[in-house]
Amino acid sequence: MKVALTGGKIITPFRVLNDGVLIFEDGKISELCKASETTLPKKCKVYDVKGMTVCPGFVDLLTHGGAGHGFADDSEESIEKISQYLLAHGSTTVLASLFVKPEKQLLNDLRRLAEYIERYPESNIRGIHMEGPYLNKQLKGAMNGSYLWKPSVESWNKMWEASKGKIRIMTIAPELPGAASVMQAAAKEGVVLSIGHSMATYDEVENAIDNGAAHVTHIFNAMEPFHHRHPGIILGSLLHNELKIELIADTLHVHPAVMELLIKLKGASGIILVSDSIRAGGMHEGEYEFADQKIFMKGKKAFLADGTLAGSTLTLNVAVKNMVETAGAKITEAVRMASLNGVKVLGLDHKKGILAVGKDADIVVINDKYEVNMTILGGRVAYERGGK
(Lines of atoms letter the chains of each structure in order from A and count residues from 1; the text may use other names and numbers.)
(Lines give C-alpha, C1' and ligand atoms only; values in the text may rest on other atoms or scores of the structure.)
Protein backbone atom coordinates (compact mmCIF):
# COMPACT_ATOMS: atom_id res chain seq x y z
CA MET A 1 0.00 0.00 0.00
CA LYS A 2 1.14 3.52 -0.75
CA VAL A 3 1.65 5.81 2.25
CA ALA A 4 1.74 9.60 2.08
CA LEU A 5 3.04 12.24 4.45
CA THR A 6 1.31 15.51 3.62
CA GLY A 7 1.50 19.16 4.65
CA GLY A 8 4.84 19.08 6.38
CA LYS A 9 8.10 20.96 5.89
CA ILE A 10 10.43 18.55 4.12
CA ILE A 11 14.21 18.80 4.65
CA THR A 12 15.82 16.92 1.76
CA PRO A 13 18.44 17.74 3.52
CA PHE A 14 19.89 20.25 1.05
CA ARG A 15 16.77 22.38 0.72
CA VAL A 16 13.44 23.03 2.40
CA LEU A 17 10.19 22.05 0.69
CA ASN A 18 7.24 23.71 2.43
CA ASP A 19 3.79 22.13 2.31
CA GLY A 20 5.32 19.05 0.77
CA VAL A 21 4.06 15.59 -0.06
CA LEU A 22 6.20 12.49 0.33
CA ILE A 23 4.80 9.16 -0.87
CA PHE A 24 6.44 5.78 -0.36
CA GLU A 25 5.62 2.16 -1.08
CA ASP A 26 7.49 -1.14 -0.86
CA GLY A 27 10.12 0.50 1.32
CA LYS A 28 11.09 3.14 -1.24
CA ILE A 29 10.17 6.79 -1.80
CA SER A 30 8.02 7.00 -4.93
CA GLU A 31 7.11 10.69 -5.04
CA LEU A 32 8.33 13.95 -3.50
CA CYS A 33 6.88 17.34 -4.43
CA LYS A 34 4.79 20.29 -3.30
CA ALA A 35 1.17 19.56 -2.43
CA SER A 36 0.01 21.77 -5.28
CA GLU A 37 1.88 19.63 -7.79
CA THR A 38 0.26 16.25 -7.17
CA THR A 39 -2.96 14.40 -6.51
CA LEU A 40 -2.89 11.71 -3.87
CA PRO A 41 -3.42 8.25 -5.34
CA LYS A 42 -6.45 6.17 -4.42
CA LYS A 43 -5.99 3.51 -1.72
CA CYS A 44 -3.27 5.58 -0.09
CA LYS A 45 -2.83 5.79 3.67
CA VAL A 46 -2.37 9.45 4.54
CA TYR A 47 -0.58 10.96 7.54
CA ASP A 48 -1.24 14.67 7.96
CA VAL A 49 2.03 16.12 9.28
CA LYS A 50 1.15 19.79 8.94
CA GLY A 51 3.25 21.90 11.29
CA MET A 52 5.90 19.20 11.45
CA THR A 53 9.29 18.72 9.83
CA VAL A 54 10.10 15.65 7.73
CA CYS A 55 13.76 14.62 7.60
CA PRO A 56 15.86 11.68 6.42
CA GLY A 57 16.28 9.14 9.21
CA PHE A 58 19.11 9.99 11.58
CA VAL A 59 22.37 8.06 11.52
CA ASP A 60 24.21 7.43 14.81
CA LEU A 61 27.70 6.05 14.29
CA LEU A 62 28.67 6.04 17.99
CA THR A 63 26.22 4.88 20.64
CA HIS A 64 26.81 2.46 23.50
CA GLY A 65 23.20 2.15 24.62
CA GLY A 66 20.22 3.78 26.26
CA ALA A 67 16.96 3.09 28.09
CA GLY A 68 18.87 1.28 30.82
CA HIS A 69 20.64 -1.13 28.45
CA GLY A 70 24.05 -1.36 26.79
CA PHE A 71 25.24 -3.08 23.62
CA ALA A 72 27.91 -4.73 25.78
CA ASP A 73 25.23 -6.50 27.85
CA ASP A 74 25.17 -10.26 27.44
CA SER A 75 21.59 -10.16 26.18
CA GLU A 76 19.82 -10.00 22.83
CA GLU A 77 16.93 -8.34 24.63
CA SER A 78 19.21 -5.39 25.48
CA ILE A 79 20.05 -4.90 21.81
CA GLU A 80 16.35 -4.87 20.94
CA LYS A 81 15.52 -2.41 23.73
CA ILE A 82 18.26 -0.02 22.59
CA SER A 83 17.13 -0.38 18.98
CA GLN A 84 13.60 0.68 19.94
CA TYR A 85 14.88 3.53 22.12
CA LEU A 86 16.94 4.91 19.25
CA LEU A 87 14.04 4.56 16.80
CA ALA A 88 11.91 6.60 19.21
CA HIS A 89 14.49 9.37 18.78
CA GLY A 90 14.71 9.12 15.00
CA SER A 91 17.83 7.00 14.46
CA THR A 92 17.19 4.63 11.54
CA THR A 93 20.82 3.63 10.91
CA VAL A 94 22.99 2.80 13.90
CA LEU A 95 26.43 1.40 14.62
CA ALA A 96 26.33 -0.46 17.92
CA SER A 97 29.38 0.64 19.88
CA LEU A 98 31.50 -1.55 22.12
CA PHE A 99 34.11 -0.53 24.66
CA VAL A 100 37.30 -2.14 25.90
CA LYS A 101 37.04 -5.44 27.77
CA PRO A 102 39.32 -8.42 28.42
CA GLU A 103 39.80 -10.47 25.23
CA LYS A 104 37.36 -13.31 25.87
CA GLN A 105 34.53 -10.97 26.90
CA LEU A 106 35.08 -8.55 24.02
CA LEU A 107 35.17 -11.32 21.43
CA ASN A 108 31.91 -12.66 22.85
CA ASP A 109 30.35 -9.18 22.57
CA LEU A 110 31.44 -8.94 18.94
CA ARG A 111 30.01 -12.38 18.12
CA ARG A 112 26.69 -11.62 19.80
CA LEU A 113 26.24 -8.32 17.95
CA ALA A 114 27.31 -9.83 14.63
CA GLU A 115 24.79 -12.64 15.01
CA TYR A 116 22.02 -10.15 15.82
CA ILE A 117 22.84 -8.04 12.78
CA GLU A 118 22.76 -11.12 10.55
CA ARG A 119 19.54 -12.40 12.12
CA TYR A 120 17.68 -9.10 11.81
CA PRO A 121 18.80 -7.40 8.56
CA GLU A 122 15.77 -5.05 8.66
CA SER A 123 16.83 -3.63 12.04
CA ASN A 124 18.32 -0.16 12.42
CA ILE A 125 21.47 -1.81 13.84
CA ARG A 126 23.70 -1.94 10.76
CA GLY A 127 27.17 -2.64 12.09
CA ILE A 128 29.65 -2.14 14.91
CA HIS A 129 31.81 0.78 16.02
CA MET A 130 34.65 -0.74 18.02
CA GLU A 131 35.82 2.07 20.32
CA GLY A 132 39.19 0.58 21.13
CA PRO A 133 40.73 -1.60 22.36
CA TYR A 134 43.95 0.04 21.15
CA LEU A 135 43.71 3.34 23.04
CA ASN A 136 46.20 5.55 24.83
CA LYS A 137 46.00 5.02 28.58
CA GLN A 138 46.87 8.69 29.15
CA LEU A 139 43.61 9.73 27.47
CA LYS A 140 41.36 6.78 28.18
CA GLY A 141 38.42 8.97 29.23
CA ALA A 142 35.79 6.71 30.80
CA MET A 143 37.38 3.53 29.43
CA ASN A 144 38.72 1.03 31.93
CA GLY A 145 42.48 1.48 31.67
CA SER A 146 43.24 -2.01 32.94
CA TYR A 147 41.45 -3.53 29.94
CA LEU A 148 43.34 -1.77 27.14
CA TRP A 149 45.04 -3.99 24.55
CA LYS A 150 48.48 -3.62 22.98
CA PRO A 151 48.07 -3.29 19.21
CA SER A 152 48.86 -6.43 17.22
CA VAL A 153 47.63 -7.77 13.91
CA GLU A 154 47.02 -11.13 15.59
CA SER A 155 44.56 -9.69 18.12
CA TRP A 156 42.93 -7.55 15.41
CA ASN A 157 42.36 -10.66 13.30
CA LYS A 158 40.59 -12.29 16.26
CA MET A 159 38.25 -9.30 16.56
CA TRP A 160 37.57 -9.17 12.84
CA GLU A 161 36.75 -12.88 12.74
CA ALA A 162 34.51 -12.66 15.82
CA SER A 163 32.64 -9.71 14.29
CA LYS A 164 31.99 -11.64 11.06
CA GLY A 165 33.11 -8.56 9.19
CA LYS A 166 30.58 -6.31 10.92
CA ILE A 167 33.09 -3.81 12.37
CA ARG A 168 32.54 -0.71 10.24
CA ILE A 169 34.50 1.84 12.33
CA MET A 170 37.31 1.34 14.83
CA THR A 171 38.62 4.08 17.12
CA ILE A 172 42.36 3.77 17.60
CA ALA A 173 45.32 5.75 18.98
CA PRO A 174 47.67 5.72 15.98
CA GLU A 175 50.78 6.68 17.96
CA LEU A 176 50.88 3.40 19.89
CA PRO A 177 53.60 0.89 18.96
CA GLY A 178 52.12 -1.59 16.49
CA ALA A 179 49.08 0.56 15.71
CA ALA A 180 50.15 1.30 12.12
CA SER A 181 50.18 -2.40 11.24
CA VAL A 182 46.73 -2.87 12.79
CA MET A 183 45.37 0.13 10.90
CA GLN A 184 46.72 -1.19 7.62
CA ALA A 185 45.17 -4.61 8.21
CA ALA A 186 41.81 -3.10 9.17
CA ALA A 187 41.82 -0.61 6.30
CA LYS A 188 42.35 -3.44 3.82
CA GLU A 189 39.07 -4.92 5.09
CA GLY A 190 37.24 -1.64 4.46
CA VAL A 191 37.07 -0.59 8.11
CA VAL A 192 36.99 3.17 8.69
CA LEU A 193 39.75 4.12 11.13
CA SER A 194 38.93 6.89 13.57
CA ILE A 195 41.57 8.69 15.63
CA GLY A 196 40.53 8.91 19.26
CA HIS A 197 41.59 8.49 22.89
CA SER A 198 44.97 9.53 21.52
CA MET A 199 48.00 11.77 22.09
CA ALA A 200 49.00 11.75 18.44
CA THR A 201 51.13 14.63 17.20
CA TYR A 202 50.33 16.53 14.01
CA ASP A 203 52.86 14.43 12.08
CA GLU A 204 51.38 11.24 13.53
CA VAL A 205 47.92 12.38 12.41
CA GLU A 206 49.21 12.77 8.85
CA ASN A 207 50.81 9.32 9.02
CA ALA A 208 47.52 7.92 10.33
CA ILE A 209 45.69 9.38 7.32
CA ASP A 210 48.15 7.57 5.05
CA ASN A 211 47.38 4.35 6.93
CA GLY A 212 43.61 4.66 6.48
CA ALA A 213 42.37 7.11 9.11
CA ALA A 214 39.31 9.01 7.88
CA HIS A 215 37.60 10.02 11.12
CA VAL A 216 38.17 11.68 14.47
CA THR A 217 36.18 10.27 17.39
CA HIS A 218 34.24 12.84 19.50
CA ILE A 219 36.34 15.88 18.61
CA PHE A 220 38.01 17.73 21.54
CA ASN A 221 37.25 14.87 23.95
CA ALA A 222 39.90 12.31 24.97
CA MET A 223 42.61 14.23 23.11
CA GLU A 224 45.12 16.90 24.06
CA PRO A 225 43.97 20.54 23.90
CA PHE A 226 45.05 22.69 20.98
CA HIS A 227 48.56 24.14 21.38
CA HIS A 228 49.96 26.62 18.88
CA ARG A 229 53.53 25.28 19.12
CA HIS A 230 52.72 21.59 19.46
CA PRO A 231 49.73 20.91 17.20
CA GLY A 232 48.07 17.53 17.44
CA ILE A 233 44.78 15.90 16.56
CA ILE A 234 42.63 19.01 16.82
CA LEU A 235 44.61 21.04 14.29
CA GLY A 236 45.12 17.96 12.13
CA SER A 237 41.39 17.30 11.99
CA LEU A 238 40.57 20.94 11.20
CA LEU A 239 43.12 21.32 8.42
CA HIS A 240 42.76 17.96 6.70
CA ASN A 241 39.60 17.43 4.67
CA GLU A 242 40.40 13.72 4.62
CA LEU A 243 39.21 13.60 8.22
CA LYS A 244 35.54 13.88 9.18
CA ILE A 245 34.92 14.83 12.79
CA GLU A 246 32.39 13.25 15.10
CA LEU A 247 30.70 15.78 17.37
CA ILE A 248 28.75 15.14 20.57
CA ALA A 249 26.47 18.18 20.35
CA ASP A 250 25.01 18.06 23.85
CA THR A 251 26.62 21.43 24.81
CA LEU A 252 28.43 19.62 27.64
CA HIS A 253 31.20 17.87 25.73
CA VAL A 254 31.79 20.90 23.50
CA HIS A 255 30.73 24.50 24.18
CA PRO A 256 28.13 25.89 21.72
CA ALA A 257 30.55 28.63 20.61
CA VAL A 258 33.11 25.97 19.72
CA MET A 259 30.41 24.02 17.87
CA GLU A 260 29.74 27.19 15.88
CA LEU A 261 33.45 27.52 15.14
CA LEU A 262 33.54 23.92 13.89
CA ILE A 263 30.78 24.71 11.39
CA LYS A 264 32.81 27.65 10.07
CA LEU A 265 36.03 25.63 9.83
CA LYS A 266 34.86 22.19 8.67
CA GLY A 267 31.58 23.08 7.00
CA ALA A 268 28.38 21.10 7.19
CA SER A 269 29.88 18.27 5.12
CA GLY A 270 32.79 17.73 7.51
CA ILE A 271 30.87 17.15 10.74
CA ILE A 272 29.03 14.00 11.80
CA LEU A 273 26.71 14.25 14.80
CA VAL A 274 26.94 11.28 17.17
CA SER A 275 25.36 10.65 20.53
CA ASP A 276 28.01 8.52 22.32
CA SER A 277 25.05 7.63 24.54
CA ILE A 278 25.31 5.11 27.34
CA ARG A 279 22.70 3.07 29.21
CA ALA A 280 21.75 6.11 31.32
CA GLY A 281 20.22 7.76 28.23
CA GLY A 282 16.48 8.23 28.66
CA MET A 283 16.67 7.23 32.32
CA HIS A 284 16.29 9.03 35.65
CA GLU A 285 19.18 10.56 37.54
CA GLY A 286 21.19 8.08 39.56
CA GLU A 287 23.99 5.53 39.49
CA TYR A 288 24.79 3.34 36.48
CA GLU A 289 27.68 1.25 35.15
CA PHE A 290 30.11 1.52 32.24
CA ALA A 291 33.13 -0.73 31.62
CA ASP A 292 32.88 -2.16 35.15
CA GLN A 293 32.98 1.33 36.64
CA LYS A 294 30.36 3.35 38.49
CA ILE A 295 28.76 6.10 36.43
CA PHE A 296 26.65 8.91 37.86
CA MET A 297 23.99 10.76 35.90
CA LYS A 298 22.77 14.16 37.00
CA GLY A 299 21.10 16.82 34.89
CA LYS A 300 21.66 14.84 31.67
CA LYS A 301 25.40 14.69 32.46
CA ALA A 302 27.05 11.27 32.88
CA PHE A 303 30.39 11.12 34.69
CA LEU A 304 32.80 8.97 36.70
CA ALA A 305 33.37 9.54 40.41
CA ASP A 306 36.33 11.80 39.57
CA GLY A 307 34.15 13.99 37.32
CA THR A 308 35.39 12.60 33.98
CA LEU A 309 32.61 12.70 31.38
CA ALA A 310 31.43 9.18 30.60
CA GLY A 311 29.61 9.18 27.30
CA SER A 312 26.35 11.07 27.14
CA THR A 313 22.58 10.85 27.45
CA LEU A 314 22.14 12.64 24.12
CA THR A 315 19.89 11.60 21.22
CA LEU A 316 20.30 12.86 17.66
CA ASN A 317 17.02 14.76 17.53
CA VAL A 318 18.31 16.84 20.45
CA ALA A 319 21.73 17.15 18.77
CA VAL A 320 20.01 18.65 15.72
CA LYS A 321 18.11 21.04 17.96
CA ASN A 322 21.29 22.12 19.72
CA MET A 323 23.13 22.74 16.47
CA VAL A 324 20.32 25.00 15.26
CA GLU A 325 19.41 26.77 18.49
CA THR A 326 22.82 27.14 20.16
CA ALA A 327 25.42 26.87 17.38
CA GLY A 328 23.70 28.83 14.61
CA ALA A 329 23.46 26.01 12.08
CA LYS A 330 20.80 26.10 9.39
CA ILE A 331 18.24 23.31 9.76
CA THR A 332 19.44 21.84 6.47
CA GLU A 333 23.02 21.78 7.76
CA ALA A 334 22.12 20.22 11.10
CA VAL A 335 19.99 17.52 9.48
CA ARG A 336 22.77 16.75 7.00
CA MET A 337 25.20 16.30 9.89
CA ALA A 338 22.76 13.86 11.49
CA SER A 339 21.87 11.87 8.37
CA LEU A 340 23.64 12.05 5.01
CA ASN A 341 27.15 12.57 6.39
CA GLY A 342 26.93 9.38 8.43
CA VAL A 343 25.67 7.13 5.64
CA LYS A 344 28.43 8.44 3.37
CA VAL A 345 30.89 6.90 5.81
CA LEU A 346 29.08 3.58 5.50
CA GLY A 347 28.88 3.78 1.71
CA LEU A 348 25.09 3.85 1.82
CA ASP A 349 24.48 7.35 0.50
CA HIS A 350 23.22 5.95 -2.81
CA LYS A 351 20.07 4.82 -1.00
CA LYS A 352 19.89 6.50 2.41
CA GLY A 353 20.39 9.93 3.96
CA ILE A 354 18.43 11.85 1.31
CA LEU A 355 14.71 12.24 0.73
CA ALA A 356 14.30 11.63 -3.01
CA VAL A 357 12.52 9.22 -5.32
CA GLY A 358 14.13 5.79 -5.29
CA LYS A 359 15.79 6.20 -1.90
CA ASP A 360 14.95 4.02 1.10
CA ALA A 361 11.93 5.22 3.06
CA ASP A 362 13.95 5.90 6.24
CA ILE A 363 12.19 8.98 7.54
CA VAL A 364 11.78 10.88 10.80
CA VAL A 365 9.02 13.39 11.55
CA ILE A 366 9.75 15.93 14.29
CA ASN A 367 7.64 18.67 15.85
CA ASP A 368 8.64 22.28 16.54
CA LYS A 369 10.33 21.18 19.77
CA TYR A 370 12.41 18.64 17.83
CA GLU A 371 10.56 15.78 19.52
CA VAL A 372 10.08 12.74 17.31
CA ASN A 373 6.47 12.13 16.32
CA MET A 374 7.12 9.29 13.89
CA THR A 375 10.01 7.17 12.67
CA ILE A 376 9.71 5.18 9.46
CA LEU A 377 12.27 2.45 8.81
CA GLY A 378 12.32 0.85 5.37
CA GLY A 379 8.75 1.98 4.73
CA ARG A 380 7.49 0.60 8.05
CA VAL A 381 6.23 2.85 10.82
CA ALA A 382 8.66 1.73 13.52
CA TYR A 383 7.68 4.35 16.08
CA GLU A 384 4.72 6.67 16.50
CA ARG A 385 4.46 9.14 19.36
CA GLY A 386 1.49 8.20 21.52
CA GLY A 387 0.97 5.13 19.34
CA LYS A 388 1.75 1.47 19.79
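Residue 773 in my numbering sits at position 100 of the sequence shown; the count goes up by one each step and never skips.
Beta carbons: idealized from backbone N, C-alpha and C, even for Gly.
Remember, it's a predicted structure, so these values are computed and weren't measured experimentally.
Assign residue i to buried or exposed, taking buried as 16 or more other Cβ atoms, counted over all protein chains shown, within 10 Å of its Cβ.
i     : result
A1029 : exposed
S709  : exposed
N797  : buried
S770  : buried
C728  : buried
T924  : buried
A677  : buried
L938  : exposed
A964  : buried
G739  : buried
G693  : buried
In this structure, how does DSSP classify residue i when only helix, strand and coil are distinguished?
i     : result
M970  : strand
A941  : helix
Y1062 : Nothing about residue 1062 can be reported from this structure: the residues present for the chain run from 674 to 1061 only.
N1040 : coil
R688  : coil
V1045 : strand
A978  : coil
G1070 : The structure shown does not extend to residue 1070, since the chain is modelled only from 674 to 1061, so the question has no answer here.
G954  : coil
G1015 : helix
Going by the DSSP bridge assignment, what does residue i pair with across the sheet?
i     : result
D1022 : Answer is none; D1022 lacks a bridge partner.
R1053 : L1050
G741  : G741 pairs with nothing; no bridge assigned.
F697  : V676, I702
V889  : I868, I918
G681  : G693
M896  : S871
T736  : A769
Return the Cβ separation of residue i and residue j in integer angstroms, given the expectation that the two are a contact with Cβ distance under 8 Å.
i    : j    : result
L821 : M896 : Between M896 and L821 the Cβ distance is about 16 Å, and since that is not below 8 Å, they are no contact.
H737 : F772 : 7 Å
A953 : M970 : 4 Å
I921 : N894 : 7 Å
S948 : L987 : 4 Å
From what residue to what residue does the beta strand (DSSP E) around residue i run?
i    : result
G800 : 798-804
T726 : 726-729
T765 : 764-771
G909 : Run containing G909: none in the beta strand (DSSP E); it sits in the alpha helix (DSSP H), 906-912.
V855 : Here V855 belongs to no beta strand (DSSP E); instead the alpha helix (DSSP H) covers 852-861.
V722 : Premise fails: V722 is in no beta strand (DSSP E) and is neither H nor E.
Y961 : 959-963
Which residue marks the beginning of the alpha helix (DSSP H) containing residue i, and which one marks its end?
i     : result
K994  : 989-998
R841  : No alpha helix (DSSP H) contains R841, which is instead part of the beta strand (DSSP E) from 840-845.
S828  : 826-835
L779  : 776-792
K754  : 749-760
E1006 : 1004-1011
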